[in-house]
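Participant: A single structure is presented below for examination.
In UniProt numbering, the protein residues as written are 1 to 361.
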């Protein structure tokens, strides 16, 4: 099977390594402005992994030629932060072939919807099958030299949904060999709402802002950054997320329980379980406050969550507070993005009931 992986960061390199180690022909692509990992992988001829995944996996091609990467690919993975989804979709647009399968991994902020709309396709169109995962299947870090350290490959609690919704199983069957613990979600709103990053990352970053700015060497994000007070903030966000999901008919799993399913941790609580979680051990905090933990997880994901809450009449005082504080920290009015984020999803001129009908088809 030819596997195209767009994105050469932590997640992209992990996906590429895993599929290559399973015997598939993997082609790794990134935009020309991100040459470091691509150049290293091309020079080495592959990716070396340590940790839970180990060894050297040969990569068939690594470079900046999108046409070559996408041609005749059986599956295309788009792996990056949510703000990379539109640029990658625009890159694919001239070259993607009818009936090709795309997996936005993770979907983060309605990634499958955004990708399909960027291709100028209706959500129910079967010209291209676009799917998304609820989260990245790995806790992983890349060093920029063609090496990755895999702290955890998920053991469960990993979901996939397709657009059209009826095509999800077809995509899942295609990748089940590499992700045997992946399950089919109800729809792409389920995968979006199950994403736990907005629950964890912003609370930890904001509550440890002084430490981040003072100590550039960084601290252990989960082992040291989460205390009982931070955990209470995380739980308050999670409670609001669960209420939003329930209001549109979706049951999502609380984050600590999900972490146990995924193999990260052994206890269902919002503080100590993260401190001692084997799957989070050794993961350093970002060296700057201006990281995807605020830019993406607040500026995109939480903004959309808050907008959905307004649509269904759910109060979100904790999310509102985090958005305000993150705006001050980043010196940017994040709420001004709300209309644009809803437009990317197609929720700017359609009711939530009609929207849910479309994603369920």
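Ideal placement from N, C-alpha and C gives every residue a C-beta, glycine not left out. All values reported here derive from a predicted model rather than from experimental measurement.
(1) Run through the DSSP bridge pairs and tell me what residue 152 is partnered with.
(2) Would residue 59 pass as a contact of residue 26 if the rule is Cβ separation under 9 Å?
(3) Where does residue 241 sit, in a helix, a strand or coil, going by DSSP?
(4) Out of 119, 113, 106, 54, point me to the one whose CA is closest to residue 158's CA.
(5) In its own chain, which residues sit with a C-beta less than 7 Å from the C-beta of residue 395, not counting the 5 before and 5 after it?
(6) Would you call the stretch 343-353 in contact with the stretch 109-121, where contact means no fewer than 3 C-beta pairs closer than 8 Å?
(7) Which partner residues does residue 56 have in the DSSP bridge list?
(8) If you compare alpha carbons, which of 355, 272, 296, 91 is closest to residue 30?
(9) May I have the straight-line CA-CA distance separating residue 61 from residue 20, to the nearest angstrom?
(10) Apply the 10 Å Cβ neighbour rule to residue 211 and answer buried if 16 or more other Cβ atoms are within range, or exposed otherwise.
(11) In the DSSP assignment, find the unbroken beta strand (DSSP E) run with residue 183 in it and report its ends.
(12) Using three-state DSSP, classify residue 258 as helix, strand or coil.
(13) Could you tell me whether any Cβ in chain D is nearer than 9 Å to the Cβ of residue 304?
(14) What separation, rounded to the nearest whole angstrom, lies between the Cα atoms of residue 150 and residue 230?
(15) Among all the DSSP beta bridges, which residues are the ones paired with residue 3?
(16) Nearest to residue 54 by CA position, among 18, 125, 109, 2, is which residue?
(17) Quick one: is residue 73 buried, meaning 16 or more other Cβ sit within 10 Å of its Cβ, or exposed?
(18) What do you reckon, are the CB atoms on residue 314 and residue 223 nearer than 9 Å?
(19) Measuring CB atoms only, is the stretch 163-183 touching the stretch 88-103, in the sense that at least three cross pairs come out at less than 8 Å?
(20) Sort 248, 156, 307, 39 by Cα distance to residue 64 and report the nearest one.
(21) Could you tell me the distance, in whole angstroms, from the CA atom of residue 289 to the CA atom of residue 205?
(22) State the DSSP-derived secondary structure class of residue 332, mapped to helix, strand or coil.
(23) Quick check on the DSSP output: the beta strand (DSSP E) that includes residue 101 runs from which residue to which?
(24) To which residues of the same chain is residue 179 closer than 7 Å at the C-beta, ignoring the five residues directly before and after it?
(25) One question on the structure: do residue 70 and residue 4 come within less than 9 Å of each other, judged by their Cβ atoms?
(26) Write down the C-beta distance between residue 156 and residue 265 rounded to the nearest angstrom, noting that I regard them as a contact closer than 8 Å.
Facilitator: Taking the coordinates as given:
(1) For the purposes of this step, residue 152 is taken as residue 152 along the chain shown, with counting starting at 1. Note: residue 152 sits in a beta bridge opposite 139.
(2) One-based indexing of the chain shown puts residue 59 at position 59. One-based indexing of the chain shown puts residue 26 at position 26. Between residue 59 and residue 26, the C-beta spacing is below 9 Å.
(3) As a working note, residue 241 is residue 241 in the chain shown. The three-state secondary structure of residue 241, taken from DSSP, is helix.
(4) Sequence index remark: in the chain shown, residue 158 carries index 158 (1-based). Closest option to residue 158, Cα to Cα, is 106.
(5) Because the chain in this structure spans residues 1 to 361, residue 395 falls outside the shown range and cannot be described.
(6) Touching, yes, given that three or more Cβ pairs across the two stretches are closer than 8 Å.
(7) Locating residue 56 in the chain shown gives position 56, where the first residue counts as 1. In the DSSP output, where bridge partners are listed per residue, residue 56 has 48.
(8) What you label residue 30 is simply residue 30 of the chain shown in a count that begins at 1. Considering only alpha carbons, the answer is 91.
(9) In the chain shown, the residue the question calls residue 61 occupies position 61. In the chain shown, the residue the question calls residue 20 occupies position 20. The alpha-carbon atoms of residue 61 and residue 20 are separated by roughly 11 Å.
(10) In the chain shown, counting from the first residue as 1, residue 211 sits at position 211. The residue is exposed, with fewer than 16 neighbouring Cβ atoms inside 10 Å.
(11) Within the chain shown, residue 183 is the residue found at index 183, counting from 1. Per DSSP, residue 183 belongs to the beta strand (DSSP E) from 182-184.
(12) Locating residue 258 in the chain shown gives position 258, counting from the first residue. Taken through DSSP and simplified to helix, strand or coil, residue 258 comes out as helix.
(13) Absent from the structure is chain D; it holds one protein chain and no more.
(14) Position 150 of the chain shown, counted from the first residue, corresponds to residue 150. Position 230 of the chain shown, counted from the first residue, corresponds to residue 230. When rounded, the distance between both Cα atoms is 26 Å.
(15) The residue labelled residue 3 in the question sits at position 3 within the chain shown. DSSP, once it has assigned bridges, lists 26, 75 as partnering residue 3.
(16) In the chain shown, counting from the first residue as 1, residue 54 sits at position 54. With distances taken between Cα atoms, residue 54 lies closest to 18.
(17) Here residue 73 refers to the residue found at position 73 of the chain shown. Classification for residue 73: buried.
(18) In the chain shown, the residue the question calls residue 314 occupies position 314. In the chain shown, the residue the question calls residue 223 occupies position 223. Their beta carbons are not under 9 Å apart, which means residue 314 does not touch residue 223 by this criterion.
(19) Verdict: yes, contact present.
(20) Position 64 of the chain shown, counted from the start, is the residue given in the question as residue 64. If we check each option's Cα against that of residue 64, 39 comes out closest.
(21) As a working note, residue 289 is residue 289 in the chain shown. As a working note, residue 205 is residue 205 in the chain shown. Their backbone Cα atoms lie some 7 Å apart in a straight line.
(22) Residue numbering aside, residue 332 sits at position 332 when the chain shown is read from its first letter. DSSP places residue 332 in coil when its eight states are reduced to three.
(23) As a first step, residue 101 is located in the chain shown; it is residue number 101 there, counting from the start. Annotation for residue 101: the continuous beta strand (DSSP E) segment containing it runs 101-104.
(24) Taking the first residue of the chain shown as 1, we reach residue 179 at position 179. Counting only residues of its own chain and dropping the five nearest sequence neighbours on each side, residue 179 has a CB closer than 7 Å to the CB of 137, 158.
(25) Against the chain shown, residue 70 aligns to sequence position 70. Against the chain shown, residue 4 aligns to sequence position 4. Their beta carbons are under 9 Å apart, which means residue 70 touches residue 4 by this criterion.
(26) Taking the first residue of the chain shown as position 1, residue 156 is located at position 156. Taking the first residue of the chain shown as position 1, residue 265 is located at position 265. Wrong, their Cβ atoms sit about 13 Å apart, outside the cutoff.
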